[in-house]
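Numbering (the numbering used here), first residue to last: -18 to 688.
Yeah, the Cβ is synthetic: ideal placement off N, Cα and C, and Gly gets one too.
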């Protein structure tokens, strides 16, 4: 018999062998997953060099032209769905990921040469897309399909697609004389170039302001420690949201806040204001040429709102209802400022300036809600928030997320996840992939956004690509002494943008035109806005919180105080959103605009606070050049539906009720743009939507609420 010593040695050896076998199995499984992953994401590349980007761009353009030429060569009598519209669907199916490869890095690459090459690729593809939209020969073939007997045999979603193709061509002016068509095409190509240049100028903005330590009083030591020092010993302040907002919120030195607000709202003023004003003139010319009164009328024709008159009525009605709240908010802030000036021996100028706006709102919350926004950050370390956010979305939407080790990504900070179905009967089926790129860096897209990288559609041969999306944000990076800590509003932003990611991944549509977030623009924000509400409820907040030093959750009392801040300053905050929306509608309803003069007038009228002289935030209002032209109202319009969905279903049936979550996934997220948003809402709500929950959420009274 073996001795105890020998037995122990054998046991250790057996254990080691077992562990080695387990490690080998895990390694093989990881290798297998990596091979499968590469197969699933065949077309996505984040390592293309400048020359490869240029060459691939030309191949993309050539393939687009080849498909268009094949369709254009068809005699009307020879047109079928398979040889016309289906070819365009298949082209879209392949092109998104390939276009992603040569354009997306323009938003996130660390290398400027790569970003510049992607910008040029984007310009070339956009320019060619305008040419494609004006091809009368392709329109003739698609129109023959639309008017032919074969159209009636198509399913409703495919009919919707063909009808939209015909509408697109007609809205691009193919009914105009040839010379006018050429003029419209030239204008649209110019608009494309100007829009891309506007966004590039904004991304490449490098202006900084500098301050001494004394000029940064009120800011935390951790914030100061994260700043870069210049040779003169002063701290450099980059004009990015993670840096600017803490200063405007908490710096007690008025002159510092004034200098930062002035610089922030002058970003790209020397370049982008002229670009925007030129775009406004061209958009108006195009609208007139196409038979519309103005650009807003042209855009809104295909939105839920349908017309500028409906948008104007919605915005003006809300503006009037908010006046009493806004005046009370302003009076509250003025009292705080007056007391502040008296306490410190400062001269009181009797008004709230734009550099006072955020500061005294923060002071109001501290005084009346006993919430210190900087102390609150300590409860929201990014790693914990991310883990709980992912857990909640998985639970709510019947999904499973698995992080990919050693992923193919564009920067070392980026994390990648595979998403699997967890619905009964579909457990383990791959849904798609998402990426998290959460920290700022030079040249990176400066806001928070979701980028669809690949659509989850199958082509006519049954080849399926799985959806992929990237959430790009600019949260504070961890320092040597502290992890990345999020403000509560950043947690809300995280939930919102990740909601867009889920909208992309939960899509179950095989026509790319209608996949994911490709719904009416004035509805697209609603699914994500709806999910923001979890950040204002007790149980989710306590799940999301974990003090970075102690692990302590938010107490019941602190949660209650935090929730009470939701309607703090609601009048002024919503008036600010109305300012953006009304400004957007106004400039897109006129032949031309002096944006600085108009903003000065509207800000005083709507917000009751004067704009700082020599500033003009239109130069950094990226929405106006990035696809939200005449559509910024959609944020507030969408809130009507997001609040109705939340209050009518989740608030009543349970915040984490998987049955309600699955209904939301299948009736709202999965259907993309295959049906009108009004139909999806009625299916989910069991009735037509109404404004009651929305108005109540703004602190406004509703007679006989129906929610």
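Please confirm if the segment 378 to 387 is in contact with the segment 490 to 498, defined as three or more CB-CB distances below 8 Å between the two stretches.
-> With the cut-off at 8 Å, the segment 378 to 387 and the segment 490 to 498 do not touch.
Could you give the DSSP three-state label for residue 549: helix, strand or coil?
-> In the displayed model, residue 549 falls within coil according to three-state DSSP, outside both helix and strand.
Return the Cβ separation of residue 286 and residue 515 in integer angstroms, given the expectation that the two are a contact with Cβ distance under 8 Å.
-> Contact between residue 286 and residue 515 does not hold, since their C-beta atoms are separated by about 28 Å, which reaches or exceeds 8 Å.
Residue from 56, 463, 105 whose Cα sits closest to the Cα of residue 34 | When only C-alpha atoms are compared, the closest one is 105.
Exposed or buried, which one is residue 327 when buried takes at least 16 other CB atoms within 10 Å?
-> Label assigned to residue 327: exposed.
For residue 396, write down the residues that DSSP places opposite it in a beta bridge.
-> Per DSSP, 417.
To the nearest whole angstrom, what separates the beta carbons of residue 473 and residue 446, a pair I think is in contact under 8 Å?
-> Wrong, their Cβ atoms sit about 32 Å apart, outside the cutoff.
Which term fits residue 297, buried or exposed, when burial requires 16 or more other beta carbons within 10 angstroms of its beta carbon?
-> A residue is called buried when at least 16 other Cβ atoms come within 10 angstroms of its Cβ; residue 297 does not meet this threshold and is exposed.
Secondary structure of residue 362, DSSP reduced to three states | Secondary structure of residue 362 (DSSP, three-state): strand.
Would you call the segment 451 to 459 and the segment 420 to 432 in contact, with 3 or more CB pairs under 8 Å?
-> Result yes; three or more Cβ-Cβ pairs closer than 8 Å.
With C-beta atoms as the reference, is residue 572 less than 8 Å away from residue 369?
-> Between residue 572 and residue 369, the gap from beta carbon to beta carbon reaches 8 Å or more.
Local Cβ density within 10 Å of residue 410, reported as buried at 16 or more and exposed below that = Using a 10 angstroms sphere on the CB of residue 410, the tally of other CB atoms stays under 16, which defines it as exposed.
Which residues mark the beginning and the end of the beta strand (DSSP E) in which residue 435 is found?
-> Counted as a single uninterrupted DSSP element, the beta strand (DSSP E) harbouring residue 435 occupies residues 430 to 435.
First through last residue of the alpha helix (DSSP H) which encompasses residue 338 = According to the DSSP assignment, residue 338 belongs to the alpha helix (DSSP H) that extends over 335 to 349.
Below 8 Å between beta carbons: does that hold for residue 614 and residue 479?
-> Their beta carbons are not under 8 Å apart, which means residue 614 does not touch residue 479 by this criterion.
Tell me residue 634's beta-bridge partners as DSSP assigns them.
-> Residue pairing by DSSP leaves residue 634 without any beta bridge partner.
Nearest-angstrom beta carbon gap, residue 232 and residue 197 [assumed within contact, 8 Å] | A Cβ-Cβ separation of about 6 Å places residue 197 in contact with residue 232 under the 8 Å criterion.
Hey, how far is the Cα of residue 377 from the Cα of residue 646?
-> Residue 377 and residue 646 have their C-alpha atoms spaced approximately 9 Å apart.
When you compare only the Cα positions, how much space is there between residue 18 and residue 75?
-> Because residue 18 sits at a pLDDT of 46, beneath the cut-off of 50, its placement in the model cannot be relied upon, and the following sentence gives the value as read from the coordinates. Each residue's Cα considered, the two are about 18 Å apart.
Helix, strand or coil: how does DSSP classify residue 56 here?
-> Reduced to three states, the DSSP call for residue 56 is coil.
Exposed or buried, which one is residue 508 when buried takes at least 16 other CB atoms within 10 Å?
-> Buried, by the Cβ-count rule.
Cutoff 6 Å; reference residue 150; Cβ partners in own chain excluding five residues on either side | Hits under 6 Å: 120.
DSSP three-state call for residue 426: helix, strand or coil?
-> In the structure shown, residue 426 falls within a coil segment according to DSSP collapsed to helix, strand and coil.
In its own chain, which residues sit with a C-beta less than 7 Å from the C-beta of residue 510, not counting the 5 before and 5 after it?
-> Result list for residue 510: 477, 619, 620, 623, in chain order.
Could you pull out every unbroken beta strand (DSSP E) segment of at least 3 residues lying fully inside the segment 31 to 88, listed in chain order?
-> Fully enclosed beta strand (DSSP E) runs of 3 or longer: not present.
Return helix, strand or coil for residue 519, following the three-state DSSP convention.
-> Here residue 519 sits in helix by DSSP.
Which class does residue 308 belong to by DSSP, given the choice of helix, strand or coil?
-> Taken through DSSP and simplified to helix, strand or coil, residue 308 comes out as helix.
Thinking residue 220 and residue 186 are a contact (beta carbons under 8 Å), I'd like their distance in whole angstroms, please.
-> Contact between residue 220 and residue 186 holds: CB atoms are separated by about 7 Å, below the 8 Å threshold.
Could you pull the start and end residues of the beta strand (DSSP E) that residue 192 belongs to?
-> Unbroken beta strand (DSSP E) run through residue 192: 189 to 192.
CA nearest to the CA of residue 531, picked from 649, 237, 360 = Ranking 649, 237, 360 by CA distance to the CA of residue 531 puts 360 first.
Contact check, residue 89 vs residue 425, beta carbons under 8 Å | Cβ distance < 8 Å, so residue 89 and residue 425 count as in contact.
Which same chain residues, not among the five before or five after residue 176, have their C-beta less than 6 Å away from its C-beta?
-> Hits under 6 Å: 606.
Can you list, in chain order, the residues of its chain whose CB lies under 6 Å from that of residue 118, leaving out five sequence neighbours each side?
-> The answer, listed in chain order, is 53.
Would DSSP call residue 8 helix, strand or coil?
-> Model confidence at residue 8 stands at a pLDDT of 43, short of 50, so the residue's coordinates are unreliable and nothing is read from them.
Ranges of the alpha helix (DSSP H) found wholly within the segment 246 to 280, counting only runs of at least 4 = Correct list: 253 to 270.
Determine the contact status of residue 546 and residue 352, defining contact as a CB-CB distance below 8 Å.
-> Annotated as proximal: residue 546 and residue 352, with beta-carbon spacing under 8 Å.
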